[in-house]
Every structure is written in structure tokens, then in C-alpha cells.
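Peer 1: Note that the protein sequences, when read in sequence, are chains A and B.
The opening position of the first sequence corresponds to residue 1 in the working numbering, with each subsequent residue numbered one higher.
The opening position of the second sequence corresponds to residue 1 in the working numbering, with each subsequent residue numbered one higher.
Ideal Cβ placement from N, Cα and C applies to all residues, glycine included.
Number of protein chains: 2
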Amino acid sequence: MISADEALRIILDAVPPARKENVALRKATGRTAAEDIRAGEDIPPFRNSSMDGYAVRSSELKAASPERPVRLAVAGESSAGHPFEGHFRKGSALRIMTGGKLPGPADAVVPVEIASESGNRSVLFSRPALPGDFVRRPGEDIPRGQRVIAAGDLLTPYHLGVLAATGHAVARVAVRPRVCIVATGDELVRPDRARGAGRIRNSSSYALEGLVRESGGRPRFMGIVRDRKKAIRKMVREGLASDVLLITGGVSVGLHDHVREALSRCGVDIRFWRVNIRPGSPLLFGVSDGTLVFGLPGNPVSTGVTFLQFVRPALRKMLGRNVLFPSQFRALIDGPIAVKEGKRCYLRGIARQEGDLLRVRTTGSQSSGVMSSMLKGNCLIILPEGTTDLPSGAAVNIEFLRDPF
Amino acid sequence: MISADEALRIILDAVPPARKENVALRKATGRTAAEDIRAGEDIPPFRNSSMDGYAVRSSELKAASPERPVRLAVAGESSAGHPFEGHFRKGSALRIMTGGKLPGPADAVVPVEIASESGNRSVLFSRPALPGDFVRRPGEDIPRGQRVIAAGDLLTPYHLGVLAATGHAVARVAVRPRVCIVATGDELVRPDRARGAGRIRNSSSYALEGLVRESGGRPRFMGIVRDRKKAIRKMVREGLASDVLLITGGVSVGLHDHVREALSRCGVDIRFWRVNIRPGSPLLFGVSDGTLVFGLPGNPVSTGVTFLQFVRPALRKMLGRNVLFPSQFRALIDGPIAVKEGKRCYLRGIARQEGDLLRVRTTGSQSSGVMSSMLKGNCLIILPEGTTDLPSGAAVNIEFLRDPF
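1. Using the three-state DSSP reduction, which class does B/Ser288 fall into: helix, strand or coil?
2. Apply the 10 Å Cβ neighbour rule to B/Phe125 and answer buried if 16 or more other Cβ atoms are within range, or exposed otherwise.
3. State whether the stretch 86 to 97 of chain A contacts the stretch 21 to 37 of chain A, with contact taken as three or more CB pairs (one from each stretch) at a distance under 8 angstroms.
4. May I ask you to report which of helix, strand or coil DSSP gives B/Ala24?
5. When the Cα of B/Lys340 is compared with those of B/Val293, B/Ala164 and B/Leu383, which residue comes out closest?
6. May I ask you to report which of helix, strand or coil DSSP gives A/Phe405?
7. State whether the stretch 181 to 195 of chain A contacts the stretch 228 to 237 of chain B, with contact taken as three or more CB pairs (one from each stretch) at a distance under 8 angstroms.
8. Quick check on DSSP: helix, strand or coil for A/Phe272?
9. Of all the CB atoms in chain B, is at least one closer than 7 angstroms to the CB of A/Glu187?
10. Check whether chain B comes within 7 angstroms of A/Phe405, counting only Cβ atoms and requiring the distance to be less than that.
11. Could you tell me which uninterrupted alpha helix (DSSP H) segments, each at least 4 residues in length, are contained entirely in the stretch 325 to 357 of chain A, listed from first to last along the chain?
12. What residues from chain B crowd round A/Tyr206, counting only those whose CB sits closer than 8 angstroms?
13. A/Thr303 lies in the alpha helix (DSSP H); which residues open and close that run?
14. Considering Cα atoms alone, identify which of B/Leu358, B/Ala33, B/Gly81 and B/Val173 is closest to A/Asn202.
15. In the DSSP assignment, find the unbroken beta strand (DSSP E) run with B/Ile232 in it and report its ends.
16. May I ask you to list, following chain order, the residues of the stretch 336 to 362 of chain B that have a beta carbon less than 8 angstroms from some beta carbon of chain A?
17. For B/Leu441, does the count of other Cβ atoms within 10 angstroms reach 16, so buried, or fall short, so exposed?
18. Would you check if the distance between the CB atom of B/Ser49 and the CB atom of B/Ile114 is smaller than 7 angstroms?
19. Can you give me the C-alpha to C-alpha distance between A/Ala55 and A/Pro326, rounded to a whole angstrom?
20. Does DSSP put B/Ser79 in a helix, a strand or coil?
21. A/Ala108 and A/Asp133: beta carbons closer than 7 angstroms?
22. Taking the beta strand (DSSP E) that A/Leu380 belongs to, which residues open and close that run?
23. Under 7 angstroms Cβ-Cβ, which residues of chain B neighbour A/Ala129?
24. Determine the direct distance from the alpha carbon of A/Glu6 to that of B/Ser205, and round the result to whole angstroms.
25. Do B/Pro16 and B/Gly290 have their CB atoms nearer than 7 angstroms?
26. Going by CA-CA distance only, name the one from B/Arg176, B/Pro83 and B/Glu261 that's closest to B/Glu214.
27. State yes or no: is the beta carbon of A/Val244 nearer than 7 angstroms to at least one beta carbon in chain B?
28. Are the CB atoms of B/Ala151 and B/Ala28 within a distance shorter than 7 angstroms?
29. Should A/Ala129 and A/Leu61 be called a contact, given that it needs their Cβ atoms to be closer than 7 angstroms?
30. Rounded to the nearest angstrom, what separates A/Ile10 and A/Gly239 at their Cα positions?
31. Expressed to the nearest angstrom, what Euclidean distance is found between the alpha-carbon atoms of A/Arg47 and A/Arg136?
32. Please list the partners that A/Val370 has in chain B, where partner means a Cβ-to-Cβ separation under 7 angstroms.
33. Is any non-hydrogen atom of the ligand PLP found closer than 6 angstroms to the C-beta of B/Arg330, if you look at the structure I gave you?
34. Quickly, what does DSSP pair B/Lys101 with across the bridge? List them, please.
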């Protein structure tokens, strides 16, 4: 049995590079930038006002005071989209709106609240202005040519805003990997069919489809296949046309485990089977002609944990993502945790903040049959190999299972 | 000017209740449960084995020891989907696979690793078994009738797994609100057109579309409308057919701000305009016949901040979501923060973990013109009204801007 780290190294070494495509900006949220993107234009593109007010020559207001206000003639107006086109004479001020372009000789803006315009097209200033007051310089936010997005960035709504602002209507992104999902097992019944004695519902495939989508892949559920060699081989061959094939069930040591045999006979080079982890030890990984094949334990908790720990990093690497692993946070445990094995353990936990610290407790029974633990919990507690019994208050690493927003 | 809390109260009070619809389980990730959902079946549905091994009567192995092993006849086999149908005689053991159904009289499973089967259909046990060993009881994970999902839960992949496992093929969810987005401003140019002097790119609409989608809404970008009363009124009337109308720009005190007038003339009851926050103070909110109308400042940073603080909670409430606000975390600031105003401030910050604590620093200039701050930052630092200058090391509340996974 190999270690979790060794398994991950083998998987990541086998990941082929991302393919690239263009998408319209509007559809790019959640995609991964395939290349560095540089600003095509300065942001802001020209000197403009950050307030509604008056554009002035600050030198002309040097002596302004409440006792001896300075009066300037109103030369006209500049607003967003309507720059002042006239000649900005000495001794004048320009009405300017937020975002309005400053005329060449003006070097400061006085906010409308601290100036007083009189009816006869003139305005009084009762204090000085400093050069640069309320003026945004061209490129002061993002200069033209600056890298605004790095290859491998996950594109958020804010990225789309910056791309649009710098003149990009299209983004070059990684193609989403096609991920085929096959469930194996004579015991499995669809949720909308009568169950029958000794049978259980197929549930892992539904969770996997959602997890694949959240991880940037394009899932395709191929259906339930019975524990018959020929049927499994047929499904495997079809699944190998995709970028990733996920097969649940049929990889433990039971007599009915035909999956390994089917994979070998379909030309899949099995790189490892069984990893020193709990839950999820019967994890299998192989490669066939650029397609990554994962045999995931059929138990829904094991399916979820092995997906998060081994398949998600592979999908992220395939997308060229520059962050493959979730942040780990330190948390203190409420109550002791008994550890009896040398495996790396992933416990389902409930984390909360208390003052400046994170605290975490387990969801209760850690049997991999306890599907509800993935709902009750909001994090995985990761105990490295060789961890011994932990007293209450010990620090552990956790990874959030869902958005703590 | 009203306070942020008052603004939020007015907005949330105006939110109409969620409408409901059914969706296939496969399409339900990211949707919001509209009703409580109870398990239709026990999980697990019958007594089954949590290991590959042998099902036994534990009473028959009481005296088993390495010196005096107990031999039982192999009665047959039970595997997932293939329960044993025969008579389970005394003095016999049953080969059983993980998930296999236990025959009535068996009360324990002995893992295959600690039993030794000989060729003549018998198996030797060299230690006792306890009743219940490696046996999963029906309903021990989730008993039939238990609430597995609460109205208002955001459906994650794990929820879908549990729904499928308990016999649900369809989920009752909240209808996604239709959100129309209108950008106003003579200065705005699409990212794929020549820019022209004194003009800037429309960027907020792209960010808003992504933010609406992430918040569970269905965005529709209606386009850029020029600062002309009639054109704005036409767009407003069209937008009022949706559940939410977001209009960016045109709500500050400038001369060209026709939006408020257009809204009033279209029958929108304006509930507030201007909030004591920074950035984003020119926020406007109104209601027309069940449609919520937000006038958001056009500056992209202000658009983003006001969306997160005021529009997202409204969308979540409209969906019936049971969590309206993101978790706030406590973090210690690196370096002092000068606070000069009585407003609630939202600074863009960069948070990181150091040992057991979170630390945060600002992204630099907090001018609302600095669009790059939403990319550099990973959180908002929230300073309540009346905060005075903060020394380095002071504790502040932060909200993550993106997934810290």
C-alpha cells in the first residue's frame, strides 16, 4: 500500500497539459485563464475627477481663505462621456462630475460641497487646493501592459470586470475536461425505481456529478453497470474516450470486483491500487492514452473524500490552475480524538470560530457508512500518518468542505 | 443619510417570498431547498456488512483462540445486490462482501483478513467476535422520516447524494430570481468597440452578471443606456418585468443623474437614497409592484461592495436561504489603519493564516477608483461606524471575497 503523498505524486505526474479555447467574457466566470493577460489600456484611461466639483489650477487658490475667498469664472462643464472641448482660460474653473476628464491646465478638483457657485456663472473658493486633489491619474490603477491575470487564475466576477475595463471582450481559458462517471454494482437502484430486497440506491454518482462541476469539469453520468465482466469492459471502453473516467465500486477485495480486470483488459495501465488512508483505501488509479482513470470506493463517504483529496487536484492541474489544493486552517479540537491506525485519516468535522481561534469537533461516528456525516460536517480534519491519540485542545489541520461564507 | 443596518432592514423587509419549482436531482446543485425534505427510506435500508469477511453467530465463536480455533462450514455467499437466499444453519458461516445483507440469525462479521478458509468449504476462526462487529444496522445513519434537508439549505453535491440515497429523484427548490442589469452613462463603451476620447469601458455589468449568478440569480444584461431621460425610462419599464432590477451609474449628485427621476416617473417607490458607508454611499433602493430596484454606484469597486453587502442578502432572502450573510472572521491587522470618517468602511484586504491566527493587511490605496484592489484582495475588512484610528495588531472583522479553499 502506498502513502497518500506518493499516490498524489503519481496522479499529478500523469496529468496531460490543458487545452485552450476562447470564450466570450460573459461566459467566463468560473473558468481558468489559460494564459497571462495584460491590460490593453491604462486604467483609468485619462486624468479624471474622483468627485463632483470644480476643476481648477491649484496655484490660483493659494491665497483662498474664508475671509478672502477667491472667485473664478465658470468656464463650462466636463462630465463622464462629455469632456470640455473649449479653451480653459486662466482665472476660470470648470464644473466637473465624477469621472469627468480634466482639461490640460487644471491640476486639482475642489468638491462641490466646499465651493459656492453664484448665479452669475462664477464660483467662490474659501480654501486652497493642493495639486492632485481628487484627480485620478491615467494608469494609476492599472498601467497599460501590466499583467492583470496570470495563467491558471480562476476567473471570478472581479476578473471579468478588470478584463472588460482593459479592453478584452474574450478570454483565453482552459478547456473543461470531460469526465465520465460510471457506477458499478448489482446492488444499485436508481432513486426513482422500486428498491427491491437487498438493494440500495445509487447515490455516489449524483454527488460526483456536482463535485466534478464544482471542480471545473464537464460531467457525464453513463449509468449503472452490473457486475458482469463484459458489461463493465464495454462501459470502460466508452468512458476512455473522455479526459477522465471515474468508476465507483468494484475495487475492494471482494470476489465480485471485476473492475480491475476490466481496466487491465481494456489497456489501462494501473499505476496503483490501495492507498494508506481512511476512509477510501481501495482507491485505484490508472492511465490509458492520456485518459486518467480513477476507481473510487463505492461507499458515498469514501467516494467524496477520495474525490476531494485525489481527483480534484488532478482536475485542477489539468485546467492549469495555479492552486491545486484547498487552504488548510489550524483548529483546536473539542474533546479528545482516539487514533488507532497508522493511516492518514480524514475525519468529518464541524468547525466554528471562537474569539480569534477556530475550534473543531468530529461529526460523531466516523464509519464510512455514515453518509450524513458529509452533511453535518463543514470540514475535513486531516490527521497525518503516525498521529497518536489527541488530547482535547490539540491543534489539527482542517480543510473546509463548503464555503464558509 | 441612513445607516448600513437601517438600509439592510428596509431592503430585507421588502423582499417577496420565494416561488417554488421541481428540478431533477441531477440539476439541483447550487439551488436552494424550498421545503424540508425527509428520508423516504432507512439508510442503510437493511442490516449489512461494513467489511469483506464472514457473517457468523458470535455465540459460536466465544471460545475461539489461536490454540483452539473454531471451524464453521461455509453456507454460501452474500454480496451487494445478491443476498443469500438459503437457510443459514447453526455451525455455519457465510462469505459476505462489503454491503452484503446479513442473514437473520447472524449477528457479527469477521473480516476476511483474520479468518482462514480451507479448500473444503470450511473456515477457521482463531478469536471471538462481538455481537454487532462490522454490522451496519438499518437506519443507523439516517432513519426513515428524519429531516435530511431543511428549507433554505443550499444544495451541495453531498445533499444530492443523500437525496438519491433516500429515494428522491426530484428536489423542490426556490425559483431563481430574474435579475435585469442596466448600465447608464454617456461615457461607457463596450470592451469590443473603439474607446474614443474621454470615454471608459463598461466593466461593472460583467462583474455583476457573475455576482448575480454566484448568488443564485438569473442575470440578464440589458445593455448600456445613455444619460437621456426617455431612454432611461424605457429601459426601467422593461427591467421592472423582472424580480430585481440593478441600474449602475447615475445615482450620485451630478447634474446628469437622471436615474432617480426616471425611477420615480415609472412608479418606483424610492425607499432610500444615500447610505452612510464608504465606498458606495450613493446607493439607492426602491420597490415597484414586487420588483426590487437597486441603483448602484457605477464605479466598479463601489458596485462590487454594494452588491455584496446589500443585493446578495436580498437575493438570498428571495431564495428563502437560511444563511443571508457571509461568516465574519476575526483577524489582526499588520500595520496601523487610519480611519477618518464616521461611516462604515469596507476596505479591501489580504488575509493569511499565521499559526493559529488570521492576519490581514489592506491592498493599499482604498480609493474606490482602484479596481485592481478587488483582484489583489481576498477579503473585505469591515470597520463599523465610529471606528477610530487602529494600531497595528488590532482585531478587525473580515469577510472573504472568494473561496479560501
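Peer 2: Short version:
1. strand
2. buried
3. no
4. strand
5. B/Leu383
6. Low confidence applies here, because A/Phe405 scores a pLDDT of 44, under 50, leaving its location unreliable and the question unanswered by this model.
7. no
8. strand
9. yes
10. The predicted position of A/Phe405 is uncertain, since its pLDDT is 44 and thus under 50; no value can be drawn from it.
11. none
12. Leu25, Arg26, Pro157, Leu160, Gly161, Leu163 and Ala164
13. Pro300 to Thr306
14. B/Gly81
15. Careful: B/Ile232 lies outside any beta strand (DSSP E), inside the alpha helix (DSSP H) at Lys229 to Gly239.
16. Gln353, Gly355, Asp356, Leu357 and Leu358
17. Since the first residue shown for chain B is 1 and the last is 405, residue 441 of chain B is missing from the structure and cannot be characterised.
18. no
19. 49 angstroms
20. strand
21. yes
22. Cys379 to Leu383
23. The premise fails here: A/Ala129 is roughly 17 angstroms from chain B at the closest Cβ pair, so nothing lies under 7 angstroms.
24. 46 angstroms
25. yes
26. B/Arg176
27. no
28. no
29. yes
30. 21 angstroms
31. 6 angstroms
32. Asp141
33. The ligand PLP is not among the ligands present in this structure, which contains no ligands whatsoever.
34. B/Asn48
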